[in-house]
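Take any residue in the sequence shown, count from 1 to its spot, add 1: that is its number in our numbering. From the three backbone atoms N, C-alpha and C, an ideal C-beta is built for every residue, glycine too. Worksheet: one structure, shown below.
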Amino acid sequence: SRIKIYFSNIMFQRNHGIGNTNIGSTHRAQSVRYPQWELISGKVVSYRNSTDVFRGNEILEVSVVGASLMDAPSVLLGRKKILLQPGQRFPIRFQFYYDKSRAEPGYGGRMMQANVTNI
2 SRIKIYFSNI MFQRNHGIGN TNIGSTHRAQ SVRYPQWELI SGKVVSYRNS
52 TDVFRGNEIL EVSVVGASLM DAPSVLLGRK KILLQPGQRF PIRFQFYYDK
102 SRAEPGYGGR MMQANVTNI
């Protein structure tokens, strides 16, 4: 069956605030080397109040895209693939970097997408 999902507690964090988060030193080092990267974190939540239980053969893909141009396809700015564990339920937390320099300034800005697929 199809799962309706939405996002909660989305946070875009500029590089200068990375010291306040619980991420590994590898991520901090990448941020210093690539200043155009920005950290995004949040939760993916189900409309069914977390009644969906995963079997462990699914992948949740969370992505952020630039949706500024009306007559052009969205540009993928970054994504995270999460292998769901047997018995896992919503909400599912995510955290990853995306390349903010690829986003066109304009009316659309950034848009979040999520998809659960079987493997």
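query                                                                                                                   : result
Bounding residues of the beta strand (DSSP E) (the contiguous stretch that carries alanine 68)                          : Unbroken run through alanine 68: none, as it is neither H nor E.
Nearest neighbour of lysine 82, chosen from Ala73, Ile120, Asn119 and Val63 [CA to CA]                                  : Val63
First through last residue of the beta strand (DSSP E) which encompasses alanine 115                                    : 111–119
Contact set for phenylalanine 55: own chain, Cβ-Cβ below 6 Å, skip 5 residues either direction                          : Leu85 and Gln89
Spatial neighbours of valine 45 in its chain, beta-carbon cut-off 7 Å, leaving aside the 5 residues before and after    : Ile6, Phe8, Leu61, Val63, Phe91, Pro92, Ile93, Phe95 and Ala115
Complete beta strand (DSSP E) runs within the stretch 43–97 (minimum length 3 residues, chain order)                    : 59–67 and 76–84
Nonlocal neighbours in the same chain, by C-beta distance under 8 Å from proline 87, ignoring five residues either side : Phe55, Arg56 and Gly57
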